[in-house]
Amino acid sequence: MAKLDEKLIALIGSKNTILTLSTVDAKGEVSSTVLPEAGVDEEGRLVLYEQLETSQATRDLTYALWFGKKVALTLLSEIGESFVIKGIPYRDIIVGPAFEEKYRELTAADPESELAGIWIVDPTDIYEDTLTVRRRLEREQFPELGHLDKDFIG
Amino acid sequence: MAIQIKIPDWREREDSIEKVIEHHPDVPIFTILKTDLHRRGYVLSAAARAKIDVNIHHTNGIHLTGESDSTTVEGLVLRDGTLVCNGCVSDDEVVLRDPYLIDVDENDRIVITDQGRIYEEAEFWRKPDYYDKVTSKGTPMWKVANVRGKRIDSELNKYCEFWDTPGDGCKYCGIGVYGVQEKKCGHQLRVDPDDLAETLQEALKQKGRFLQFNATQGSLLGGAKLLDDELELCLDSLVRIKKLFSRFPLKASLVTTALDGQQLERLRDEGGIGIYTANIEVLNKELFQWICPGKARHIGYDGWKGRLEEAVSIFGKGNVYTDIIGGLELATPHGFKTEDEALESVLKEADLLSQKGIQVVDFVWRVYQNTIFKNQVSPSLDYYVRLSQGISALHDAYGLNNYSRDYARSGNQPSGDLDRIRRRSELGKIG
Ligand code: SF4
Chain A
16 MAKLDEKLIA
26 LIGSKNTILT
36 LSTVDAKGEV
46 SSTVLPEAGV
56 DEEGRLVLYE
66 QLETSQATRD
76 LTYALWFGKK
86 VALTLLSEIG
96 ESFVIKGIPY
106 RDIIVGPAFE
116 EKYRELTAAD
126 PESELAGIWI
136 VDPTDIYEDT
146 LTVRRRLERE
156 QFPELGHLDK
166 DFIG
Chain B
2 MAIQIKIPDW
12 REREDSIEKV
22 IEHHPDVPIF
32 TILKTDLHRR
42 GYVLSAAARA
52 KIDVNIHHTN
62 GIHLTGESDS
72 TTVEGLVLRD
82 GTLVCNGCVS
92 DDEVVLRDPY
102 LIDVDENDRI
112 VITDQGRIYE
122 EAEFWRKPDY
132 YDKVTSKGTP
142 MWKVANVRGK
152 RIDSELNKYC
162 EFWDTPGDGC
172 KYCGIGVYGV
182 QEKKCGHQLR
192 VDPDDLAETL
202 QEALKQKGRF
212 LQFNATQGSL
222 LGGAKLLDDE
232 LELCLDSLVR
242 IKKLFSRFPL
252 KASLVTTALD
262 GQQLERLRDE
272 GGIGIYTANI
282 EVLNKELFQW
292 ICPGKARHIG
302 YDGWKGRLEE
312 AVSIFGKGNV
322 YTDIIGGLEL
332 ATPHGFKTED
342 EALESVLKEA
352 DLLSQKGIQV
362 VDFVWRVYQN
372 TIFKNQVSPS
382 LDYYVRLSQG
392 ISALHDAYGL
402 NNYSRDYARS
412 GNQPSGDLDR
422 IRRRSELGKI
432 G
């Protein structure tokens, strides 16, 4: 299991972070959805809250859990830093105290809210995806790439 | 007393679960394991039993086949939310094959094991908040309604009148025998509608616990017209329950003997029901007549199917369900001789029903010793896996979204588990 550091844990829990979940279904069809929130549990696993039973994310997370496939959570911080956390769903909580507590919290904020499942995901790979960082890394690792005019001094 | 195994050498006669998993890479291990737990049953080790906390876990359930005690749990939930609803083997039970052992591993997790191998972790079902409360009439609420997954269930009447006529009861049925005993002992056979409404009112204080209310009962044949008594029994409760809710159709499912069109319209209009189930159980005319003689005599195989079709015209495509008990089609001496023949025939018949908007779903047959079929042998695990795959594929092929007899609300049907990744919706599609 890949380890989420404190900075990432804080970013995942921040209201100002934009979270996007990308998934694949049994036929290889890709989907992505913006998540209103996510968290990290005491064991360092991602916690995703899926509100709708009929959502593609619900189906794809199930597929990933069943067959050990990965899903990806992309974070975009308020200062433009971006990270991708890939992982394999480990558990879908549909009953029990944790489920009910979250349901109560959601419906207190919006009585029409639903909760279909709390997904616990084992992080497997973590990448920094911020463009400036990737650009710097590409230049370091592949100095032969990039447009010729960048190095042209006349 | 110890558990008795009727086929001690069954492991030599059948493929192991490992082989079945290997043969079906497109079926999740959770569904295969649950299917086998229903088929073979499970027992709890002393360490697992010590984990039961009667204040937290769901014990002491009431069922149409009897009541369970506090030495075992009502069910298990697996990591993916899969429910194991059946299979807990009592200490003196006679079973066909060795049951799985629910044990505790070195990390203190409850685990499903067989011959020392750990297959998966599991949790015991939790008791709902209403369970130990009592209605104002003094009835313990656990006797009024039970819980399975995210569904609250009431068995409105314990006695099935097919058992009034010798030879009419269904041959695999353990409900009849228990109902007959209960009737003889003068026990309360019906749930009081006031008790039920009060229990539901209490149960729904637990927010986020329930997705559906389900009612079922033994058949009541009498009335001005066949099954009018059963209809009135259901309506008595539904009319009372309807007052508790603001949106219709009710998030409810009702299982009855196959009612006719007029009766179904009353269920929809007066009862507020939008999802209907009438279990045909056996998908073959001749076998239905042999195995379910009472149903065959009063309604008939074609009559049952006709009523299901009529139900679709009333409740809509996909909102009518019929359960089958997988494996009955192989019962001897009149059943199919091979699993391949049986499967082909069942899926062909299920296809015809699916085309008409009826959702066929499958149970795993557990051979109980208090049934007429006590000497029968249920089929292999591989058969059940192929059956549930075939049925779920039909739901997919005909666009039947199973959101009633599914993994969370019912949990009893392996095809309902497989449907989880097949149910469709394109909500919000604008291009
Ligand atoms: S209809 Fe058949 S299966 Fe149902 S309770 Fe009566 S005898 Fe049993």
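Chains as they are written, first to last, in our numbering: chain A, 16 to 169; chain B, 2 to 432. Each residue gets a CB set at the ideal place from its N, CA and C atoms; glycine is no exception. Source: prediction; values computed, not measured.
- Assigned with DSSP and collapsed to three states, W143 of chain B falls in helix.
- Boundaries cannot be given for P380 of chain B, as no alpha helix (DSSP H) includes it and DSSP labels it neither H nor E.
- Under the Cβ distance rule, S247 of chain B does not count among the residues neighbouring chain A, no pair being separated by less than 9 angstroms.
- With a threshold of 9 angstroms between beta carbons, S411 of chain B makes no contact with chain A.
- Assigned with DSSP and collapsed to three states, D115 of chain B falls in strand.
- For S70 of chain A, the nearest beta carbon of chain B is closer than 9 angstroms to its own beta carbon.
- Under the Cβ distance rule, G82 of chain B counts among the residues neighbouring chain A, one pair being separated by less than 9 angstroms.
- Shown here, C235 of chain B sits in a helix according to DSSP, grouped into three states.
- Ranked by Cα distance from Q213 of chain B, the options B:F316, B:T140, B:K318 and B:G412 are led by B:G412.
- Taking 9 angstroms as the CB threshold, D144 of chain A stays off the interface with chain B.
- When secondary structure is reduced to three states using DSSP, S92 of chain A falls in the coil class, being assigned neither helix nor strand.
- Remark: C-beta atoms of E96 of chain A and T35 of chain A do not approach each other more closely than 9 angstroms.
- Around the CB of A25 of chain A, fewer than 16 other CB atoms lie within 10 Å, so the residue is classed as exposed.
- Residues V99 of the same chain have their beta carbon placed closer than 6 angstroms to that of Y142 of chain A, with the five preceding and five following residues left out of the count.
- Under the DSSP definition of a beta bridge, H58 of chain B partners with B:R127.
- Against R106 of chain A, the close residues of chain B are R80, in the order they occur along the chain (beta-carbon pairs closer than 7 angstroms).
- Straight-line measurement puts the Cα of G111 of chain A at about 27 angstroms from the Cα of F249 of chain B.
- Secondary structure at H64 of chain B: strand, using DSSP grouped into helix, strand and coil.
- Cβ contact annotation for F374 of chain B (same chain, cutoff 7 angstroms, sequence separation greater than five): K172, Y173, A332 and V368, in chain order.
- Within the same chain, Cβ atoms closer than 7 angstroms to the Cβ of M142 of chain B are found at Y131, Y132, K134, V135, T136, T200 and E203, the five residues on either side in sequence being excluded.
- When secondary structure is reduced to three states using DSSP, P112 of chain A falls in the helix class.
- Proximity of chain A to R110 of chain B at the Cβ level (cut-off 8 angstroms) is not reached, the minimal Cβ distance being about 12 angstroms.
- Using a CB distance cut-off of 9 angstroms, D164 of chain A does not count as an interface residue toward chain B.
- Contact annotation: the segment 155 to 162 of chain B touches the segment 174 to 186 of chain B, with at least three C-beta pairs closer than 8 angstroms.
- G301 of chain B and D169 of chain B have their C-alpha atoms roughly 13 angstroms apart.
- According to the DSSP assignment, A297 of chain B belongs to no beta strand (DSSP E) but to the alpha helix (DSSP H) extending over P294 to H299.
- Excluding sequence positions up to five before and after G54 of chain A, its CB lies within less than 7 angstroms of the CB of I27, G28 and V62, all in the same chain and listed in chain order.
- When the beta-carbon positions are compared, I6 of chain B and D104 of chain B stay at least 9 angstroms from each other.
- Separation of V145 of chain B and T60 of chain B (C-alpha to C-alpha, rounded to the nearest whole angstrom) is 15 angstroms.
- Residue range V321 to G327 is occupied by the beta strand (DSSP E) that includes Y322 of chain B.
- Placement of the Cβ of Y105 of chain A at a distance of 8 angstroms or more from every heavy atom of the ligand SF4 is found.
- F289 of chain B has its Cβ no nearer than 8 angstroms to any heavy atom of the ligand SF4.
- As a beta-bridge residue in DSSP terms, L61 of chain A pairs with A:V55 and A:V136.
- Contact check for F31 of chain B against R80 of chain B passes: the beta carbons are separated by less than 9 angstroms.
- In the structure shown, Y101 of chain B adopts extended strand secondary structure according to DSSP, grouped into three states.
- Shown here for G175 of chain B: same chain residues with a beta carbon closer than 7 angstroms to its own, the five before and five after excluded, namely T66, Y369, N371 and T372 in chain order.
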